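The working numbering applies: residue 1 is where the sequence shown begins, and numbers increase by one.
Positions of the beta carbon are idealized from the N, C-alpha and C atoms, including for glycine.
Here the structure is a predicted model, which means the values were calculated and not measured.
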Amino acid sequence: MATFDAFTPARPAPTMGAFSNLLGRIIAWNENRVTVKMLKGLTDRELSDIGLERGDIHCWTAR
1 MATFDAFTPA RPAPTMGAFS NLLGRIIAWN ENRVTVKMLK GLTDRELSDI GLERGDIHCW
61 TAR
């Protein structure tokens, strides 16, 4: 006869952890891509207003 403990949480499947990690990386990459695209669309004056220069875009978004 098998016993079942209702108070012990089941372990997540290892593939779900890997999938979640991959999905999180894809989401972060896409957010970074959108941010770079948006910042590149700003004029030099607008970038200066927020304290950035055009050469700083990739440095700030890579963090």
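L22 carries a helical assignment under DSSP once its states are collapsed to helix, strand and coil. The Cβ-Cβ distance between L39 and I57 falls below 9 Å. Between E53 and W60, the alpha-carbon positions lie close to 10 Å from each other.
Going by DSSP, R45 is part of the alpha helix (DSSP H) stretching over D44 to D49. DSSP places E53 in the coil class of the three-state scheme, outside both helix and strand.
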